[in-house]
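In this text, residue positions in the sequence shown follow this note's numbering: the first is -13, and each later residue adds one.
Built from N, CA and C at the ideal position, the CB exists for glycine as well.
It should be emphasised that the depicted structure is a prediction, and the values quoted were computed from it without experimental measurement.
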Amino acid sequence: CMHGDSECLGNAAQLCTQKHFPVNVNLDSFSNHRLNARHVWTLFLQCVGHFKHTSDSQIPDNTASCLQKLGVPDDTIDRIRECALGPEGRTMLQQSVQRTLDVCGHHSTEMHHGCKSCSMFVDGKAVCVVDG
């Protein structure tokens, strides 16, 4: 990871949160965000990623507190932490990196759709591209 081990752990925590976030977490409290149950976990990204510069980032140290703010049960927070710290998180991170390399290439100067840091796709549509 470009910014060291904490970035890798934070990336794994985000992937694990996406996989393990409970779709039944008090959805009424998220009605103003107009997210369906499958996408409520993205509010976690807003919480952990609330900083103006990467040097201000508290990722991954703020993972548990952000999940708690969203009403995620403690046993699920534990599962997400175990995932991020264990082989499941490493495997998911490796798959994510491989997908990026497959789509974007390795240090290519040619611009590809969705190959900037950070790009987010929801249901196949680009919803957020930062760095350009």
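Range of the contiguous alpha helix (DSSP H) that encloses residue i
| i | result |
| --- | --- |
| H6 | D(-9) to H6 |
| G75 | P73 to C90 |
| L29 | T28 to V34 |
| L53 | T49 to K55 |
Whole-number beta carbon distance between residue j and residue i, since they are thought to touch under 8 angstroms
| i | j | result |
| --- | --- | --- |
| G75 | L1 | 7 angstroms |
| A(-1) | T49 | 5 angstroms |
| I66 | H6 | 5 angstroms |
Pick from the options that is closest to residue i, judged by C-alpha positions
| i | options | result |
| --- | --- | --- |
| G35 | I63, C52, L56 and Q80 | C52 |
| P8 | H92, N48 and W27 | W27 |
| G(-4) | Q84, H25 and L79 | L79 |
| L(-10) | L87, N22 and P46 | The sequence shown places Gly at residue -10, not Leu. Checking every option, the nearest Cα to that of G(-10) belongs to P46. |
| K55 | L31, P73 and A70 | L31 |
| D64 | C(-6), S(-8) and T3 | T3 |
| S(-8) | P59, C33, L71 and R85 | L71 |
Three-state secondary structure (DSSP) of residue i
| i | result |
| --- | --- |
| Q44 | coil |
| G118 | Here the model assigns G118 a pLDDT of 48, short of 50, so the residue's position is not dependable, and the following value carries that caveat. G118: coil per DSSP, three-state reduction. |
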